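Enquirer:
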Amino acid sequence: MADFEGKSQLIYFTNEDSQCPMWSQMLAGQVNLRDAILRKIDFKAANGKEYKLRTDKKLATLIVRFRHPGLKSTDN
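Numbered as in my numbering, the sequence shown ends at 232 without a single skipped number.
Listed below in structure tokens is the structure:
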């Protein structure tokens, strides 16, 4: 048990793996943020519903929170 902290972190991250984004998901998220900032983002759901940015007034400010797997979350 000399490396208790390392072992506990490994177990934690292994158990939480389903919440860890893959590289492709991280890149897709960055592309979506860029498109939103440039106001070039839209989406059409499988049921036909369309989502677009509003054009009638100012949009909300996007704040991106960095989340590192080694940092404790305040969401819990």
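We put the CB at the ideal spot given by N, CA and C, even for glycine. All of these numbers come straight from a predicted model, not from anything done at the bench.
Determine which residues share a DSSP beta bridge with LYS208 and list them.
Expert: Note: LYS208 sits in a beta bridge opposite ASP198.
Enquirer: Determine the direct distance from the alpha carbon of ILE197 to that of LYS208, and round the result to whole angstroms.
Expert: Their Cα atoms are separated by approximately 7 Å.
Enquirer: Does DSSP put ARG190 in a helix, a strand or coil?
Expert: In the structure shown, ARG190 sits in a helix (DSSP, three-state: H, G or I).
Enquirer: Taking Cβ positions, are ALA201 and LEU218 nearer each other than 8 Å?
Expert: No, Cβ-Cβ distance for ALA201 and LEU218 is not below 8 Å.
Enquirer: Out of ILE167, GLY185, LYS163, SER180, which one is the CA nearest neighbour of ARG221?
Expert: Ranking ILE167, GLY185, LYS163, SER180 by Cα distance to ARG221 puts GLY185 first.
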